[in-house]
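S.K.: Dropping the structure in here first, questions after.
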Amino acid sequence: MNRHSGGALALLLLASPVPALSQGMEALSFSGDLEFEHTRRNGASGTLAGGELFLRLEGPVGFELGADIDQDLETGGDFTVPYLALTFGFGPGEVAVGAPQPVVDRIIDLPDFAGIRELQLGFDQRMAGIATGVAKSLGEQIYGARLMAETGSLRYGASIHGITHQSGAHWQVAGEYALRGGTQIEGAVEGEDGNLGVTVGANHQAGQFDMGLYLTSQRILGNTEAATAYLGYAVTPSLTLRGHLRSEDGTVTGNMVGVEAEYGFSNGAFAQFGAADGNRTSMTLDASVGFRF
Numbered sequence: 161m162n163r164h165s166g167g168a169l170a171l172l173l174l175a176s177p178v179p180a181l182s183q184g185m186e187a188l189s190f191s192g193d194l195e196f197e198h199t200r201r202n203g204a205s206g207t208l209a210g211g212e213l214f215l216r217l218e219g220p221v222g223f224e225l226g227a228d229i230d231q232d233l234e235t236g237g238d239f240t241v242p243y244l245a246l247t248f249g250f251g252p253g254e255v256a257v258g259a260p261q262p263v264v265d266r267i268i269d270l271p272d273f274a275g276i277r278e279l280q281l282g283f284d285q286r287m288a289g290i291a292t293g294v295a296k297s298l299g300e301q302i303y304g305a306r307l308m309a310e311t312g313s314l315r316y317g318a319s320i321h322g323i324t325h326q327s328g329a330h331w332q333v334a335g336e337y338a339l340r341g342g343t344q345i346e347g348a349v350e351g352e353d354g355n356l357g358v359t360v361g362a363n364h365q366a367g368q369f370d371m372g373l374y375l376t377s378q379r380i381l382g383n384t385e386a387a388t389a390y391l392g393y394a395v396t397p398s399l400t401l402r403g404h405l406r407s408e409d410g411t412v413t414g415n416m417v418g419v420e421a422e423y424g425f426s427n428g429a430f431a432q433f434g435a436a437d438g439n440r441t442s443m444t445l446d447a448s449v450g451f452r453f
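Number 453 marks the last residue of the sequence shown (the working numbering); no jumps.
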């Protein structure tokens with residue numbers, strides 16, 4: 161599949177009568193989000209459609225159908241990665257073969273920086289989920305196999321992937337442990353051709369606050385040492401304010417700050433505004449509308 165088939169897959173998912181199906185099949189689930197984002201930087205503007213949409217059937221034999229969507233609506237550039245895999249359930253988990261979503265993308269839970277998906281698209285090539293970031297940047301397809309399982313408070317898995325028209329294999333191992341009180345500890349190790357990437361982090365949600373801190377060190381694509389932190393406060397059940405901080409390579413020039421405000425509606429729709437600035441980049445302003453399923 162190429163980048164154009166990825167966009168078509170996303171449209172098919174949106175058109176599917178999934179809610180009606182899921183009412184009659186508990187093992188069938190549809191989840192994800194889709195947003196339309198407008199950004200401005202140095203007087204230039206851009207418009208992006210992005211998000212994740214997945215239809216999954218769990219059981220002894222099932223499937224995973226979905227897409228990680230990033231499409232530039234002004235230039236026509238399509239960085240969407242589609243997924244289609246057969247799944248086989250066993251005891252505490254399942255095995256997926258074909259073109260499954262990488263295990264790191266299933267487990268590591270890091271929000272878009274300042275809510276700006278365009279910025280996160282660039283960060284994803286240097287942080288956890290490098291295989292997906294590389295596939296997006298090249299407009300290629302991911303294929304391979306994934307194992308995931310859950311035991312008590314521990315969720316873990318491993319996957320191995322190839323990227324079309326690229327040599328070498330990307331392997332990943334990831335885990336998440338849920339503590340009492342709303343804290344999750346997460347970690348992932350990725351490798352390709354002898355080069356490694358490690359991400360460790362934690363997030364916490366309690367009452368009106370949510371926060372997280374993630375550290376990444378990777379040598380798979382260039383050389384990156386990065387720390388990302390965020391702190392959010394729910395002013396009302398609908399309105400959340402969040403601040404973000406990112407430091408890369410341990411230098412002042414690698415620092416970046418961001419803020420965002422999001423208003424959510426009871427039907428899953430949301431509106432979001434964000435701003436980010438750094439020593440290496442110009443200020444980026446963003447306005448988005450979207451829907452979470």
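Glycine residues also receive a C-beta, built at the ideal position from the N, C-alpha and C atoms.
1) Count the other C-beta atoms from every protein chain shown that fall within 10 angstroms of the C-beta of tyrosine 310, then say buried if there are 16 or more, exposed otherwise.
2) Using the three-state DSSP reduction, which class does serine 426 fall into: helix, strand or coil?
3) Indicate the three-state DSSP secondary structure (helix, strand or coil) for aspartate 265 in the structure shown.
4) Just the Cα atoms here: how many angstroms apart are threonine 207 and glycine 428?
5) Taking C-alpha atoms, which residue in Gln261, Glu278, Asp437 lies nearest to glutamate 118?
6) Which word fits arginine 340, buried or exposed, when buried means at least 16 other C-beta atoms lie within 10 angstroms of its C-beta?
7) For glycine 203, count the other beta carbons within 10 Å of its own beta carbon; 16 or more makes it buried, fewer makes it exposed. Which is it?
8) By the 10 Å Cβ neighbour count, where 16 or more other Cβ atoms means buried, how is arginine 440 classified, buried or exposed?
9) Grouping DSSP H, G and I as helix and E and B as strand, with all else coil, what is phenylalanine 223?
10) Around the Cβ of phenylalanine 369, are there at least 16 other Cβ atoms within 10 angstroms (buried) or fewer (exposed)?
11) Is glutamine 183 helix, strand or coil when you go by DSSP?
12) In angstroms with no decimal places, state the Cα-to-Cα distance between isoleucine 302 and glutamate 254.
13) Taking only the alpha-carbon atoms, compute the straight-line gap between glycine 392 and glycine 434 and give it to the nearest angstrom.
14) With respect to the beta strand (DSSP E) encompassing arginine 402, which residues constitute its N-terminal and C-terminal limits?
15) Leucine 244 and leucine 225 look like a contact to me (Cβ under 8 Å); what is the Cβ gap, rounded to whole Å?
16) Please report the distance separating the alpha-carbon of phenylalanine 190 from that of phenylalanine 223.
17) Say yes only if the C-beta of methionine 308 is nearer than 7 Å to one or more non-hydrogen atoms of the ligand ZN, and no if none qualify.
18) Quick check on the DSSP output: what are the complete beta strand (DSSP E) runs of length 3 or more inside the region 226-296, in order along the chain?
19) CB-CB under 6 Å to histidine 404, same chain, minus the five flanking residues each way: which ones, in chain order?
20) How many Å lie between threonine 444 and glutamine 432 at the Cα?
21) Pick helix, strand or coil for leucine 381, following the three-state DSSP scheme.
22) Between threonine 400 and the rest of its own chain, which residues show a CB-CB distance below 6 Å, the 5 nearest in sequence each way excluded?
23) Give every residue of the same chain whose Cβ lies closer than 6 Å to the Cβ of glutamine 261, excluding the five residues on either side of it in the sequence, and list them in chain order.
24) Could you give the uninterrupted runs of the beta strand (DSSP E) lying entirely in the region 342-369, keeping only those of 3 residues or more?
M.R.: From the atom records:
1) One-based indexing of the sequence shown puts residue 310 at position 150. The question names tyrosine, yet the displayed sequence has glutamate at residue 310. Its Cβ having fewer than 16 others within 10 Å, glutamate 310 is exposed.
2) Residue numbering aside, residue 426 sits at position 266 when the sequence shown is read from its first letter. Coil at serine 426, not helix or strand.
3) Counting from 1 along the sequence shown, the entry for residue 265 is found at position 105. Note: aspartate 265 maps to helix in three-state DSSP.
4) As a first step, residue 207 is located in the sequence shown; it is residue number 47 there, counting from the start. As a first step, residue 428 is located in the sequence shown; it is residue number 268 there, counting from the start. For threonine 207 and glycine 428, the distance between alpha carbons rounds to 22 Å.
5) Since the first and last residues shown for the chain are 161 and 453, residue 118 lies out of range.
6) Counting from 1 along the sequence shown, the entry for residue 340 is found at position 180. Burial call: exposed.
7) Translated into positions along the sequence shown, residue 203 becomes position 43. Classification of glycine 203: exposed, given that the 10 Å Cβ count is below 16.
8) Counting from 1 along the sequence shown, the entry for residue 440 is found at position 280. It is exposed - the Cβ of arginine 440 has fewer than 16 other Cβ atoms within 10 Å.
9) Taking the first residue of the sequence shown as position 1, residue 223 is located at position 63. Three-state DSSP puts phenylalanine 223 in a strand.
10) One-based indexing of the sequence shown puts residue 369 at position 209. It counts as exposed.
11) Taking the first residue of the sequence shown as position 1, residue 183 is located at position 23. Here the model assigns glutamine 183 a pLDDT of 41, short of 50, so the residue's position is not dependable and the matter cannot be decided.
12) For the purposes of this step, residue 302 is taken as residue 142 along the sequence shown, with counting starting at 1. For the purposes of this step, residue 254 is taken as residue 94 along the sequence shown, with counting starting at 1. Approximately 19 Å between the Cα atoms of the pair.
13) In the sequence shown, residue 392 corresponds to position 232, counting from 1. In the sequence shown, residue 434 corresponds to position 274, counting from 1. Rounded to whole angstroms, glycine 392 to glycine 434 spans 13 Å at the Cα level.
14) Taking the first residue of the sequence shown as 1, we reach residue 402 at position 242. Looking at the DSSP string, the run of the beta strand (DSSP E) that includes arginine 402 is 399-408.
15) Indexing the sequence shown from 1 puts residue 244 at position 84. Indexing the sequence shown from 1 puts residue 225 at position 65. That belief holds up - the Cβ atoms of leucine 244 and leucine 225 are roughly 5 Å apart, short of 8 Å.
16) On the sequence shown, position 30 is the one that residue 190 refers to. On the sequence shown, position 63 is the one that residue 223 refers to. Cα to Cα, phenylalanine 190 sits roughly 12 Å from phenylalanine 223.
17) The ligand ZN is absent from the structure shown, which contains no ligands of any kind.
18) 241-250, 253-259
19) As a working note, residue 404 is residue 244 in the sequence shown. So the list reads Phe273, Ala274, Tyr390, Gly418, once near-sequence residues are dropped.
20) In the sequence shown, the residue the question calls residue 444 occupies position 284. In the sequence shown, the residue the question calls residue 432 occupies position 272. Approximately 14 Å, taken between the alpha carbons.
21) Mapped onto the sequence shown, residue 381 falls at position 221. If DSSP states are grouped into helix, strand and coil, leucine 381 belongs with coil.
22) Here residue 400 refers to the residue found at position 240 of the sequence shown. The answer, listed in chain order, is Gly392, Ala394, Glu422.
23) Counting from 1 along the sequence shown, the entry for residue 261 is found at position 101. Counting only Cβ-Cβ distances below 6 Å, and skipping sequence neighbours, we find Tyr243.
24) 343-352, 355-366
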